[in-house]
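Notes follow the structure.
In the working numbering, the protein residues as written are 2 to 209.
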């Protein structure tokens, strides 16, 4: 069920997200958020209860916005060839995970006891899996794909690979070129390239 946010809540969440993306959750104080948002510190408690609970609201808001952007994205690739659609789906998932990478550590803890976050994620994942399934079937029917792997396995491969790279910088940076401050950009390029090769191989993609 979609949660409605007030304009004031959205303003605070947008400010908080930008600060947390730059300074991290621990490095961003309630005062930082209230000062930048030009509100009283007490407003954070009034609207969200605490900084930790505000992150739950922020994550739910971000999932809703991502779902909306995915609907727009899906429409833009709707009439494309299956190989193009699959490539764009992979790029979309990877880019979203890396763009909002600062959520992952928090969400791992929060999902243990916040049911609505699980429900929001489940709805998004099932929608995305359904789209992958449509593309696979279209590709098999047209003869572009020789294999039909399970769509949920394809999504798991995308998400799992990306999250491993995001969460294990100390390991993966050994295999990524470039400076440390560019790690996420370079890691995203590397894992995207690997996923494209792997998934299209699983599909048995045949070029002309």
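Ideal placement from N, C-alpha and C gives every residue a C-beta, glycine not left out.
Only a predicted model underlies this, so the values are computations on that prediction, with no experimental measurement involved.
According to the DSSP assignment, residue 68 belongs to the alpha helix (DSSP H) that extends over 52-77.
Inter-residue distance for residue 100 and residue 93 is about 10 Å (C-alpha atoms, whole angstroms).
Look at the segment 117-147 and you find no whole run of alpha helix (DSSP H) that is 4 residues long or longer. Between the alpha carbons of residue 45 and residue 31 lies a gap of roughly 7 Å. If you ignore the 5 residues before and after residue 122, its C-beta comes within less than 7 Å of the C-beta of 64, all in its own chain and listed in chain order. Scanning its chain for C-beta atoms nearer than 7 Å, with the 5 sequence neighbours on each side dropped, one finds around residue 184 the residues 170, 174, 177, in chain order.
When rounded, the separation of the alpha-carbon atoms in residue 129 and residue 156 is 8 Å. The C-beta separation of residue 192 from residue 158 comes to about 11 Å, leaving the pair out of contact by the 8 Å criterion. Counted as a single uninterrupted DSSP element, the alpha helix (DSSP H) harbouring residue 161 occupies residues 152-168. A direct Cα-Cα distance of roughly 12 Å separates residue 56 from residue 16. The C-beta distance from residue 204 to residue 148 rounds to 6 Å, short enough to meet the 8 Å contact threshold.
Per DSSP, the unbroken alpha helix (DSSP H) holding residue 8 starts and ends at 8-24. The bridge partners DSSP lists for residue 206 are 146. Residue 162 and residue 196 do touch by the CB rule: their CB atoms are close to 6 Å apart, below 8 Å. Residue 40 sits in coil when the DSSP states are folded into three classes, being neither helix nor strand. Here DSSP, grouped into helix, strand and coil, assigns residue 199 to helix. In this chain, the alpha helix (DSSP H) harbouring residue 96 covers 83-100. In the structure shown, residue 177 falls within a coil segment according to DSSP collapsed to helix, strand and coil.
In this structure, the beta-carbon distance from residue 206 to residue 125 does not fall below 8 Å. Exposure of residue 28 is indicated by the presence of fewer than 16 other C-beta atoms within 10 angstroms of its C-beta.
DSSP, reduced to helix, strand and coil, places residue 80 outside both helices and strands of the structure shown, so it counts as coil.
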